[in-house]
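Asker: Position 156 of the sequence shown, counted from 1, bears residue number 190 in our numbering, the numbering being contiguous throughout. Heads up, the beta-carbon is just placed ideally off N, CA and C, and yes, glycines get one too.
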Amino acid sequence: MEYTTLGRTGLRVSVAGLGTGGFSRLGLKSGKTEDESARLIHEAMDLGINFIDTAPSYGTEGVVGKALKSIPRDKVVVATKAQIRNGAGAKEVTASIDNSLKAMGIDTIDVFNLHGIELNEYDHAMSVVPALLDAKQKGKIRHIGITENPINDFTNAMLKRAVKDAVWEVTMVGFHMMHQAARQNVFPATQKDGVGTLLMFAVRSIFADPPRVAREMKALADRGLVERWLGETNDPLGFLVHEGGAANMIEAAYRYARHEPGVDVVLFGTGDAEHLRKNVASLLKPPLPQADREKIAKLFGHLMIGIGLDSHSGPGAKR
Numbered sequence: 035m036e037y038t039t040l041g042r043t044g045l046r047v048s049v050a051g052l053g054t055g056g057f058s059r060l061g062l063k064s065g066k067t068e069d070e071s072a073r074l075i076h077e078a079m080d081l082g083i084n085f086i087d088t089a090p091s092y093g094t095e096g097v098v099g100k101a102l103k104s105i106p107r108d109k110v111v112v113a114t115k116a117q118i119r120n121g122a123g124a125k126e127v128t129a130s131i132d133n134s135l136k137a138m139g140i141d142t143i144d145v146f147n148l149h150g151i152e153l154n155e156y157d158h159a160m161s162v163v164p165a166l167l168d169a170k171q172k173g174k175i176r177h178i179g180i181t182e183n184p185i186n187d188f189t190n191a192m193l194k195r196a197v198k199d200a201v202w203e204v205t206m207v208g209f210h211m212m213h214q215a216a217r218q219n220v221f222p223a224t225q226k227d228g229v230g231t232l233l234m235f236a237v238r239s240i241f242a243d244p245p246r247v248a249r250e251m252k253a254l255a256d257r258g259l260v261e262r263w264l265g266e267t268n269d270p271l272g273f274l275v276h277e278g279g280a281a282n283m284i285e286a287a288y289r290y291a292r293h294e295p296g297v298d299v300v301l302f303g304t305g306d307a308e309h310l311r312k313n314v315a316s317l318l319k320p321p322l323p324q325a326d327r328e329k330i331a332k333l334f335g336h337l338m339i340g341i342g343l344d345s346h347s348g349p350g351a352k353r
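#1: First and last residue of the alpha helix (DSSP H) that includes S356?
#2: Can you give me the C-alpha to C-alpha distance between A255 and Q225, rounded to a whole angstrom?
#3: Give the straight-line distance between the Cα atoms of G173 and L264, rounded to the nearest whole angstrom.
#4: Measuring straight from C-alpha to C-alpha, what distance separates R257 and I339?
#5: If you draw a straight line from the C-alpha of L193 to the C-alpha of R119, how long is it?
#6: Enumerate in chain order the residues of its own chain whose CB-to-CB distance from L52 is below 6 Å, with the five nearest sequence positions on each side excluded.
#7: Decide yes or no for the touch test of the region 164 to 180 against the region 138 to 153: beta carbon pairs closer than 8 Å, at least 3 of them.
#8: Consult DSSP for K352 and reduce its assignment to one of helix, strand or coil.
#9: Less than 8 Å between the beta carbons of G81 and V314, yes or no?
#10: Reducing DSSP to helix, strand and coil, say where S64 ends up.
#11: According to DSSP, what are the bridge partners of G213?
#12: Between M211, D227, P244, which has its C-alpha nearest M234's C-alpha?
#13: If F188 and L343 are in contact, beta carbons under 8 Å, what's the gap, nearest whole angstrom?
#14: Starting from Y288, follow the alpha helix (DSSP H) in both directions and report where the run begins and ends.
#15: Grab the span of the beta strand (DSSP E) containing I330 for me, first residue to last.
#16: Are the region 273 to 287 and the region 43 to 59 touching by the rule of at least three beta carbon pairs closer than 8 Å?
#17: Hey, could you find the ends of the beta strand (DSSP E) R176 is sitting in?
#18: Among D108, M138, A89, L135, which has the Cα closest to the Cα of K115?
#19: In the structure shown, what three-state DSSP assignment does G51 receive?
#20: Under the assumption that K66 contacts F57 (Cβ atoms under 8 Å), give the Cβ distance between them as a whole number of angstroms.
#21: Quick one: what's got a C-beta closer than 6 Å to G61's C-beta in the same chain, skipping five residues either side?
#22: Decide if S347 is buried, meaning its Cβ has at least 16 other Cβ atoms within 10 Å, or exposed.
#23: Assuming V87 is part of the beta strand (DSSP E), what are its boundary residues?
#24: Please report how far the alpha carbon of L74 lies from the alpha carbon of A307, in whole angstroms.
#25: Would you mind sorting R353 into buried or exposed? The rule is 16 or more other CB atoms within 10 Å of its CB.
#26: Out of P164, R217, M251, Y37, which has the shortest C-alpha to C-alpha gap to V201?
#27: Quick check: what's the CA-CA separation for I140 versus H158?
#28: Which runs of the alpha helix (DSSP H), 4 residues or longer, sit entirely within the region 73 to 149?
#29: Note down the Cα distance separating E294 from T39, rounded to an integer number of angstroms.
#30: Spell out a yes or no on whether the region 265 to 280 and the region 320 to 340 are touching, meaning 3 or more CB-CB pairs, one atom from each, closer than 8 Å.
#31: Between N133 and the rest of its own chain, which residues show a CB-CB distance below 6 Å, the 5 nearest in sequence each way excluded?
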């Protein structure tokens, strides 16, 4: 495993992070028991992963807690979240912190994020910050972060505002081969100010589904948004698979995201040990050849229309 420092938090984290939401939720959505899902966390730790991302809405905090019972607390960085929709404010967020601590059986949350904040919710998010700072002072949380909702906000509108406020030590952002907006909108500011970055949607369902990529590309070509030839082939990203390049599209997607300047941790979800190992292996491979990276940027760098940003409840495979 390779490790990096998560911005100015000083936390040493694995470049591969285990997400416990998404389509798989550690296998719970496909019938795994909590004990089986907890064993998957142990397998991730055996591979060197030390960053786990969860949330009450995922229904996996209890599984994380089961796994943590046999893992030294200083060997894992735990991140969780709270939502502030439907009138939830400081009182509810404080209660969420306490509930998460109890659910996971820990004394401190390493990174606590406000979850899926959109631009019209940002002022409300800032009104909750005093409660977060109070929880930090009391030792309940160590670092404060904010996550975007790229499914609806695919131009990083919220994060473009958030990166101007020093309170946020960590951000979670959507980024992938056909959704590169964060390169201009987010990463320059996070790199400048030492804000840690957690990346989601590197693969999600789109790059695990080659026929879908072909369909999406044809639709984009028909709209004049990508070069015509991309819509005339069943394998529009086939140029990435070659000797010295990627072995397949999923590997290419992970390598592209992992080595983007400004990315600290690439999150992925899984419910299967073999899939876990393959994802980690992809993330630990070198960057794609520079010519391939430049071609991806040229072909898709202008797209800001939310291609491949599926919701957890939508169709598709693993993140």
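Answerer: Working from what's here:
#1: The structure shown has nothing for residue 356, since the chain only spans 35 to 353.
#2: The straight-line gap from Cα to Cα measures roughly 34 Å.
#3: Computed Cα separation, rounded: 52 Å.
#4: Cα-Cα distance, rounded: 12 Å.
#5: Rounded to the nearest whole angstrom, the CA to CA distance from L193 to R119 is 17 Å.
#6: Excluding positions up to five away in sequence, the list reads A78, I83, I86.
#7: When Cβ pairs closer than 8 Å are counted between the two stretches, the region 164 to 180 is seen to touch the region 138 to 153, the count reaching three or more.
#8: Bear in mind that the predicted position of K352 carries a pLDDT of just 36, short of 50, making it too unreliable to give a figure here.
#9: Going by the sequence as given, residue 81 is Leu instead of Gly. Going by C-beta atoms, L81 is nearer than 8 Å to V314.
#10: Note: S64 maps to helix in three-state DSSP.
#11: Note that residue 213 corresponds to His in the displayed sequence, not to Gly. Paired residues: H210.
#12: If we check each option's Cα against that of M234, M211 comes out closest.
#13: The C-beta distance from F188 to L343 rounds to 6 Å, short enough to meet the 8 Å contact threshold.
#14: First-last of the alpha helix (DSSP H) with Y288: 283 to 292.
#15: DSSP places I330 outside any beta strand (DSSP E); the residue lies instead in the alpha helix (DSSP H), whose first and last residues are 324 to 334.
#16: Here the region 273 to 287 does not lie against the region 43 to 59, with fewer than 3 beta-carbon pairs under 8 Å apart.
#17: In this chain, the beta strand (DSSP E) harbouring R176 covers 175 to 182.
#18: Looking at the Cα atoms, A89 is the closest of the given residues.
#19: Assigned with DSSP and collapsed to three states, G51 falls in strand.
#20: Not confirmed; about 13 Å, so no contact.
#21: Excluding sequence neighbours, G61 sits near S71, G305.
#22: Residue placement at S347 cannot be trusted, given a pLDDT of 46 that sits under 50; what the coordinates show is reported in the next sentence. Exposed.
#23: The question names Val, yet the displayed sequence has Asp at residue 87. For D87, the enclosing beta strand (DSSP E) has its first and last residue at 85 to 87.
#24: Their Cα atoms are separated by approximately 6 Å.
#25: Residue placement at R353 cannot be trusted, given a pLDDT of 34 that sits under 50; the coordinates are not used to answer.
#26: Closest by alpha carbon: P164.
#27: Approximately 28 Å between the Cα atoms of the pair.
#28: As far as the region 73 to 149 is concerned, its whole alpha helix (DSSP H) runs of at least 4 residues are 95 to 102, 124 to 138.
#29: When rounded, the distance between both Cα atoms is 15 Å.
#30: They touch, by the three-pair rule.
#31: If we look at N133 and ignore the five residues flanking it on each side, it has no Cβ neighbours.
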